[in-house]
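Asker: Numbering (full-length UniProt numbering), first residue to last: 1 to 287.
Beta carbons: idealized from backbone N, C-alpha and C, even for Gly.
One structure coming up, written as structure tokens, with questions to follow.
Laid out in structure tokens, this is it:
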């Protein structure tokens, strides 16, 4: 009997102990399960996923920063100008010598003519230099913007289209410098090319152009489109004058004139048929 009572007492003691320890078990479970559980371990990589941890080292993220490369390639200097004002390859093995440089002087005059010239240039995938006068820009700044906005290149042709060889040094400074200023104010950048009116200059004019970081040039192939006695305002004669003087590297002088606008498509077509291409002025070495 005593043994039965003792057994009962022991059983009650064990039951009480179990009841006392019972609440501690579930309270400890979350502490142990947090560390090894799958949700906790899979969350850690998410904090270092591509938007954060891998962006700094993932090579594929870099190409998104390269939209400027085409412009950089277009600006690569592959040509230079020689003493005859011809355009020649810097490295004959890297660029063709059978090119011409297209230039138009004395603008900007009229929207219709500018659009006509650039429409034809675009048709032939050609770039050209538009040598402009300051007084014309002052009258029609929107026409200078048109030339620039349509992807063509602006050159400095003095303010008043005067014979700079007959001007004082102070006047030369103003004739050239004021054009640099108004062009920059109008399109945001200064010209990098200079052509003196009538091709007339002296050492000071050349020094001033260099000081303004411009390439001085005249031409090596004159279309005579300005000379009504020579071309009689006839597009066919303008084309023929250029072809008569054609040679690799020709620096072709033309003007913003109605008959030149009419001649341009035929001229560029004939040049292409003869195997010539059109050098981008931005590919010409400035210094």
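Skipping 5 residues on each side, what residues in its chain have a beta carbon closer than 8 Å to that of residue 219?
Answerer: Within the same chain, residue 219 has close Cβ partners 85, 103, 195, 199, 251, 252, 253.
Asker: Give the DSSP-derived three-state secondary structure of residue 79 in the structure shown.
Answerer: Strand at residue 79.
Asker: Can you name, in chain order, every residue of its own chain whose Cβ lies under 8 Å from the Cβ of residue 230, other than the five neighbours on each side?
Answerer: Contacts found: 224, 237, 241.
Asker: In the DSSP assignment, what are the bridge partners of residue 250?
Answerer: Paired residues: 100.
Asker: Let me confirm a value: residue 208 is counted as buried when at least 16 other C-beta atoms fall within 10 Å, else exposed. Which label applies?
Answerer: Answer is buried; the Cβ neighbour count reaches 16.
Asker: Mapping DSSP to helix, strand and coil, what is residue 90?
Answerer: Reduced to three states, the DSSP call for residue 90 is coil.
Asker: Nearest-angstrom Cα distance between residue 364 and residue 261?
Answerer: This structure does not reach residue 364, given that the chain is present from 1 up to 287, and the question cannot be answered.
Asker: Return the CA-CA distance between residue 183 and residue 215, expressed in angstroms with no decimal places.
Answerer: Spanning the two alpha carbons is a distance of roughly 16 Å.
Asker: Where residue 140 and residue 107 are concerned, what is the direct C-alpha to C-alpha distance, given to the nearest angstrom?
Answerer: Distance between the alpha carbons of residue 140 and residue 107: 10 Å.
Asker: Could you give the distance in angstroms between the alpha-carbon of residue 80 and the alpha-carbon of residue 111?
Answerer: Using only the alpha carbons, I get a separation of about 31 Å.
Asker: For the candidate residues 161, 266, 150, 192, whose alpha-carbon lies nearest to that of residue 136?
Answerer: For residue 136, the nearest C-alpha among the options comes from 161.
Asker: List the whole-angstrom C-beta distance separating residue 239 from residue 263, where the pair is believed to meet the contact cut-off of C-beta under 8 Å.
Answerer: At roughly 5 Å, the Cβ-Cβ gap stays under 8 Å, so residue 239 and residue 263 are in contact.
Asker: Is DSSP giving residue 279 helix, strand or coil here?
Answerer: Residue 279: coil per DSSP, three-state reduction.
Asker: Given 8 Å as the limit, is there contact between the region 266 to 281 and the region 114 to 134, that is, 3 or more CB pairs closer than that?
Answerer: Touching, per the Cβ criterion.
Asker: Give every residue of the same chain whose Cβ lies closer than 7 Å to the Cβ of residue 172, excluding the five residues on either side of it in the sequence, and list them in chain order.
Answerer: For residue 172, where only same-chain residues beyond five positions count, the Cβ hits under 7 Å are 164, 204, 205, 208.
Asker: Rounded to whole angstroms, what's the CA-CA distance from residue 95 to residue 82? Just pull it up for me.
Answerer: About 15 Å.
Asker: Determine the DSSP secondary structure at residue 149, reduced to helix, strand or coil.
Answerer: Helix at residue 149.
Asker: Using a Cβ-Cβ cutoff of less than 8 Å, which residues in the same chain neighbour residue 259 once the five nearest sequence positions on both sides are dropped?
Answerer: For residue 259, where only same-chain residues beyond five positions count, the Cβ hits under 8 Å are 225, 231, 233, 234, 235, 238.
Asker: Can you pull the DSSP bridge partners for residue 284?
Answerer: Bridge partners of residue 284: 79.
Asker: Alpha carbon to alpha carbon, how far is residue 212 from residue 189? Give it in angstroms, no decimals.
Answerer: Their backbone Cα atoms lie some 12 Å apart in a straight line.
Asker: Check the DSSP bridge columns for residue 130 and list the partner residues they point to.
Answerer: Paired residues: 104, 154.
Asker: Could you pull the DSSP bridge partners for residue 215 from this structure?
Answerer: Note: residue 215 sits in a beta bridge opposite 193.
Asker: Are the CB atoms of residue 98 and residue 248 nearer to each other than 8 Å?
Answerer: Taking 8 Å as the Cβ cut-off, residue 98 and residue 248 qualify as a contacting pair.
Asker: Going by CA-CA distance only, name the one from 169, 217, 123, 255 that's closest to residue 109.
Answerer: The residue with the shortest Cα to Cα distance from residue 109 is 255.
Asker: Residue 69: buried (16+ other C-beta within 10 angstroms of its C-beta) or exposed?
Answerer: Caution is warranted here: a pLDDT of 37 is assigned to residue 69, below 50, making its placement in the model unreliable, and no coordinate value can be reported.
Asker: Kindly indicate if chain D contains any beta-carbon less than 8 Å away from that of residue 191.
Answerer: You won't find chain D in this structure, because it holds only one protein chain.
Asker: Please identify the residue among 186, 202, 179 whose C-alpha is closest to the C-alpha of residue 193.
Answerer: The residue with the shortest Cα to Cα distance from residue 193 is 179.
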